[in-house]
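Chains as they are written, first to last, in the working numbering: chain A, 2 to 348; chain B, 16 to 298; chain C, 2 to 658; chain D, 37 to 198.
C-beta atoms are modelled at their ideal positions from N, C-alpha and C, and glycine is treated no differently.
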Amino acid sequence: MNVFIVETDKTGLQKFYKEIIGKFETYAPVEKFGKYDYKKVSKLDECDPDSPIEMTMSVKPLFFPKTAKVMKFREDNTGTTVSETDEDPLTGQRVILGVKHCDARGLQVLDQVYKWDYIDTDYQKRRENTLIISTRCDKAGTQCFCTSLDYDVENSDAHDIRIVNGLDGKIYIQAVTQKGEGFVKENLSQQSAVGSQQSLEEIKKHYQLFEASFRLKMNYSEVNAKLQKLFDSLEFETVSSNCISCNTCAFICPTCHCFKITDEKIKDTGVRYKSYDSCNNGYFTLMAGGHNPRPVKYRRWRQRALHKFVYYKERFGMNLCVGCGHCAISCPVNISIFDVVNQVAKI
Amino acid sequence: MDYSKQIQEIASKLFAENKIDYFVGYKQNSFDDSQVPFLITDPAEIPKLVFTDRSVFNLANYLKPDHTKRKRVGLVVKGCDSRALNLMLTESQVKRENVYIIGICCEGVLNEKGEKAQNCVECVMPDPVVYDEMIGTPTGKREYKVNVDIRELATKALEERADYFESIFENCIRCNACRHSCPLCYCAKCCLDQETSTLYHGANTSSGAMHALMTWSLHLAGRCVDCRNCEKACPSHLPLHLLHKQNESVIYENFQQHLAGMEKDDRGAFYKYSLSDPDDFIL
Amino acid sequence: MARVGVFVCFCGANIAGVVDVPAVVQEAKKIKEVKIAIEYKYVCSDPGQQMIRDAIVQNRLTSVVVAACSPRMHEKTFRKALSDAGMNPYLLEIANIREHSSWVHQKDKKAATEKASDLIRMAVAKSIANEQLHEISVPVTKRALVIGGGIAGIQAALDIADARIPVTLVEKSPSIGGRMAQLDETFPTLDCSQCILTPKMVDVASHPYIELIPYSEVIELQGYVGNYKVKIKKKASYVDFSTCTGCGTCTQKCPVKVPNEFNMNIDKRKAIYTPFPQAVPNKPVIDAEHCTMLLKGKCGICAKFCEKGSINFKMVDEVIEREIGAVVIATGYDLWDPKPYEEYGVGRYKDIITSLEFERMVSASGPTNGVPVRPSDGKVPKNVVFIKCIGSRDEAKGIEYCSKICCMYTAKHAILLHHKVPDSHAYIFYMDIRAAGKGYEEFVKRAQVETAATYLRGRVSKIYKKGDKLMVRGEDAQIGQVVEVEADLVVLATAVIAPKDNPALARLLGVSYDKYGYMSEAHPKLRPVETAKAGIFLAGCTQAPKDIPDTVAQASACAAKVCGLFAGDTMKKDPMISTINNEFCSGCQNCITVCPYQAIVTEEIPLGYGSKEMRTVAKINEGVCQGCGSCVAICRSMAITLAGFTDTQIINEIVAI
Amino acid sequence: METEVKEAQGKIISAENPDITAPADWQPVIMGILCNWCSYAGSDLTGTSRIQYPPNIRIIRVPCSSRVDPWFIIKSLQTTADGVLISGCHPGDCHYISGNYYARRRFLVTKKLLNFVGYHENRIQFSWVSAAEGPKFAKVVAKVTEDIKKLGPLHRYKKENF
């Protein structure tokens, strides 16, 4: 754990941000239609790194975009020629501001699947070239439960730099990784005091207050243990009764990573796209022969809940759900995966 | 507007008389003052049923084949919801005898900010058009007004409008929540999910989103009842009502003041015609 | 994997003169799916077709694109060529590079070549998605309906009935005969019209295979070729034809006098009447608009005098239904009302009459017993001026087309006038003399020479009254002078127009009509008797102005078409129709609402595999479907496909260029 | 909104968006969807009569204007076309009795909606051309081509970055 901490104040932080935006390709939460999404910014006024968790989409699209060109192809009498797409050269350093802890953890979780049997080079490049600056939430949202899960939110190393709004009015810029430390040293031009043991305590105090603000708390290990045996539970039918299979939860989830492949062709040239898909879609598992193992929504919900809380953990040692609550907030009928797993596990 | 008591009474009565297999109403959320749809099969849960000006979601959605399994259902509908339900009845999606409709004479629901929702301010039919039992006092049909946002956008320059809509389509993540939350999108397999369509528009690009949303809104043209389930479901908070209200205003103005779902057996503006329909836009 | 053959036609210089065909072929060869691309002088010729057949076999082609003229021209030819090579004929696509490129971009050869390449690209893209289709056979009801009992309808009915096919002949008026019955003698042979027509009318009445329904109208037609259902409204005649002997006492006794439309209102008829003495059926009907008994409930004299008691004032309209397989439309023509010719004093001067009024006067059985008279004073006219092209070829007041028959009947009128009033003189103002036809030019010569009629080339500018004479002022263009003729009688050769009911009837039958109200044929040259709607045919002036020989010829052609249609027990039908994939059908039934042919019905299918619960979905009746695609475009779940024009095919075309 | 096409430095600048340019010899592509019985026959007549019109239109044959699903229009505008012309039988003349009446309603709403989201109304045009109106077809194509040339290349939602 790195303890490189810089103390500053609001103006100092703003200056830091401005400097970053000036130097690097920077992404930060930008408001559009009342919702914050991570977009490329050229000025600090455009964005709000302190955006409220309820209104912010996940950071996932910057690494696993909602749609990406996989390849280009050209068909003529000489056959089919495949070529690289012109999209996103993926070089040069990117910086993302205002990432929530849960989102950053989401990337850590996603890393597991992306470096598993097939290495997704595009994803890896994006990860390597990106520096993540997180802002720790001061207060939990109504649907948040990140602290109840299998990771240490306080000492998370999913991001490179953590910004904490200390209770003493100071702002702490804490470099979490080597990369982050180098970045702070290089780019924080104003000379602020280097943090001490005291600042560590301030950060801890802030965390304690944050932790106390959670409405939702669960006993993760118990839930995980119980769910493992509940594949045939009828409770899934009850909990999913008012689900409208709208896919929202999967699309905005920071860790859902299912996609579909489509080709689009004009004249003799075409592009192969990779776009989000969702297991909540009734046709997601429809097979060419006509069989659909998950034709009804409770089976799809079972898959979702168990994949998030059991299967991924079994395979990769991390819980797929990071407790951000995005799905519950965006759900038109407010189904929370927290309620679902608790109700099924009968806790 | 608090009809929780009446609804609870009717629900208990229906269960007692064995007229329904399940009941769809609203339940209070524990963490704030919003409400969620609530499906009950057990009469013991009836006391949880509520109905206030926070009962926003259009419950007709729960009559779609995915939910019903063709059982008898009791359902709470507001004015706009009942119009959607009326269309579903006309389009043979629901059997009238299988649904017991509790119609509410709606006084308008609130949006997230606590103000009266825009579609309620502009509501043309607050009373239920189809019901078995009515709660509240009917206030009758109101005058149709063109949506304020449409009027405002119409005054803007074409290019400005185009930029605005491009930003909408760019922000669309094509999760299809709009479609799934719409009670009238009940198709066995949506055209946007089909091979022909995905072959050409499957990608999640802004042109793909544009195609999807335009096709979707044209499929709802002359059928949309302005309940705005889609807009509430949209995780990107896109102002989807613009597309529908635009179509509605064109249809209202040009096709005998047609409004969707107001009459029994009216299938929508695209499924009938008049010899006197406007012809001047055609060369 | 698709293997497409592209065959580009030079069409002599028609295509190759503008489009760079070898370049187009090179361009086509670049397309991935194209296995062979060849150019040829005339692909539609026998060697051209042989080339296609050989290429199909040698290259194992999966579809064929012919870049040539319009598919409306040679689609059938090339489909047959495919068939002959053992390939499904519907795997053919045609790129129309003649009508859509070389002929319309003659000045821009580069652009025309580019466009031709694009059109071929589109056709190739579409053909890849073509599916094998097979003709559908539908049972046929062997009965024909003929609408209109003029000479066209009579001839068609007789010819069809002679082939032992039952015919239902529907006539609007109380008797068949139509316009020809009103004529005195016919050009160019001057046969007596009645003498040649009446035997045919009698044949109709007595033919065992003809069912004659006079005084009736078609009110509804449903179904499709070979299987139509027609509803005929038989108007109340108030006379029981089964008992009426046609003695005529009622007509004599009836006190009500009404203008006689058969005689162009020159004389009067009674409220109970037979239109003319030789009427078929020769039974009277009561004119409900004028009968005092029916209007006021008083009179009833006819009933008193009828020995058979055939008069029934309580009779009501009756609807007759028939199942038929084909329809012949023979509704005839009307004459243009010359009122807009105010400068001639039409309407003001009684002695200006129309040619059909003149025709009735010179008819031996007409109101004046065959002698033309002046309507104003009843005197026999000496100088008669005939003016042609009244309304015809007149964009300002009338219609643009030539009425075709006026030149000939005016010549006939001049001759007839000379016959009836030997000391008379005919003056004929004309624009052109159009006398193309067997014996026609000779006939006009006869009028000019034998009867010494004065033909004046020019338009009449004014007619004014001078004493009891009419002064006709016009131009004689041949001498370039204004001439004035002192006339006792002026006869206007008014234009032939479509009956005013034609558009309504066309809509009812589902056939198209032109801007004048004439029914449209399927092709102006190659399918002149068919309408675009299968099983409905056109005879006579319902399609365009015609003389009697042409009308009769067309009527017989209709009969041949009907007999051809009924030659087998079943009929082959184009397979380009809609089909519904009921897995995707959500059962909203909106397609049923928009289908113009009631071709969609519902069916119950199990909810899921092996399920006992049922759900309702739509189903196409393939015999009825005509393949318009209305249902396809409104089907939101894309459950309906139109063979030959699938979404994939059309989108393939769109993205191909 | 300015509809005149600007020409500068040998390039055409889109009237809709000045950032989009095209070579000076740019020619629009117009997707023509014609009904088989009237307009396609009419366009054939134009050819038979040798009436000349601009070569920018690419013609697709459909049985009836009611076969035209609005997404053909959207798809054309998104991919290959700078404008769309859809033509059918005159009202009352539909070979399939009522197809064009249904189509007319859809066309009006589609045109207004596309205009609302930012397409110039001249990019989506409709016409009634009968089988006898060869000259009219040529006139319509000339007008539509002229209109679309003025608007310059269509850039929005185009999949041109292929």
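Across the set C/Ala454, C/Tyr465, C/Gln195, the C-alpha of C/Tyr465 shows the shortest separation from the C-alpha of C/Gly348. Here C/Ile480 is exposed: its Cβ has fewer than 16 other Cβ atoms, across all protein chains shown, within 10 Å. Rounded to whole angstroms, the separation of the alpha carbons of C/Ala289 and C/Pro368 is 24 Å.
Taking a beta-carbon distance threshold of 8 Å, D/Lys186 does not count as an interface residue toward chain B.
Under DSSP, A/Ser135 forms a beta bridge with A/Val100, A/Arg163. As summarised for the segment 230–277 of chain A, the continuous beta strand (DSSP E) elements at least 3 residues long and confined to that stretch are 260–267, 270–277, given in chain order. Following the DSSP letters along the chain, one finds A/Ile54 in no alpha helix (DSSP H), marked with neither H nor E.
Only Lys33, Phe34, Gly35, Lys36, Asp38 from the segment 21–41 of chain A bring a Cβ to less than 9 Å from some Cβ of chain B.
Approximately 6 Å separates the beta-carbon atoms of C/Ile621 and C/Ile601; this is inside 8 Å, confirming the contact. Taken atom to atom, the span from the alpha-carbon of C/Ala82 to that of C/Arg54 is near 7 Å. Per DSSP, reduced to three states, the secondary structure at D/Ala174 is helical. Nearest to C/Lys258 by alpha-carbon distance, out of C/Thr187, C/Thr275, C/His291, C/Met265, is C/His291. Assigned with DSSP and collapsed to three states, C/Asn228 falls in strand. For A/Asp269, the nearest CB of chain C lies under 8 Å from its own CB, placing it at the interface with that chain.
Three or more Cβ pairs closer than 8 Å define a contact, and the segment 561–569 of chain C falls short of that threshold against the segment 85–104 of chain D. Counting along the chain, A/Phe146 sits inside no beta strand (DSSP E), nor does DSSP assign it H or E at all.
Between C/Val66 and C/Cys10, the CB-CB gap reaches or exceeds 8 Å. If you compare the alpha carbons of A/Val345, A/Thr68, A/Lys19 with that of A/Ala226, the shortest gap goes to A/Val345.
Close to chain C, meaning a Cβ-Cβ distance shorter than 7 Å, are the following residues of the segment 255–282 of chain B: Arg282. At least one C-beta of chain B is nearer than 8 Å to the C-beta of A/Pro333. One thing to note: C/Leu159 has its Cβ no nearer than 8 Å to the Cβ of C/His101. For the segment 148–182 of chain D, the beta-carbon criterion of a distance under 9 Å to any beta-carbon of chain B is satisfied by Lys148, Leu149, Leu150, Asn151, Phe152, Val153, Gly154, Tyr155, His156, Glu157, Gln161, Phe162, Ser163, Trp164, Val165, Lys172, Lys175, Val176, Lys179, Val180. Neighbourhood of D/Val98 in chain C, by CB distance below 8 Å: Gly630, Phe646, Ile651, in chain order. Cβ contact annotation for C/Glu136 (same chain, cutoff 6 Å, sequence separation greater than five): Lys573, Pro576, in chain order. Counted as a single uninterrupted DSSP element, the stretch harbouring A/Ser337 is not any beta strand (DSSP E), since DSSP gives it neither H nor E.
Considering only C/Val317, C/Asp318, C/Tyr216, C/Asn503, the residue with the shortest C-alpha distance to C/Tyr274 is C/Tyr216. Of all residues in the segment 256–281 of chain A, only Glu265, Lys266, Ile267, Lys268, Asp269 come within less than 9 Å of chain C when Cβ atoms are compared, listed by chain position. Below the 9 Å Cβ cutoff, chain C contributes Cys70, Ser71, Asn97, Arg99, Glu100, His101, Ser102, Ser103, Trp104, Val105 as neighbours of D/Gly83, in chain order.
When secondary structure is reduced to three states using DSSP, A/Leu108 falls in the helix class. A straight-line Cα-Cα distance of about 45 Å links C/Ile391 and D/Arg94. In terms of Cβ geometry, B/Tyr37 and B/Ile55 form a close pair [threshold 8 Å]. For C/Phe585, the chain B residues whose C-beta falls within less than 8 Å of its own C-beta are Cys202, Ala203, Lys204, Gln209, listed in chain order. Closest in C-alpha terms to C/Ala126, from the list C/Arg4, C/Phe242, C/Gly438, comes C/Arg4.
Taking a Cβ-Cβ cut-off of 8 Å, the neighbours of D/Ile110 in chain B comprise Met225, His226, Met229, Thr230, given in sequence order. Cβ neighbours of C/Lys309 within its own chain (closer than 7 Å, five residues either side excluded): Thr244, Cys245, Thr246.
Taking the beta carbon of B/Ala248 as reference, the chain A residues within 7 Å of it are Cys247, Thr249, Pro333, listed in sequence order.
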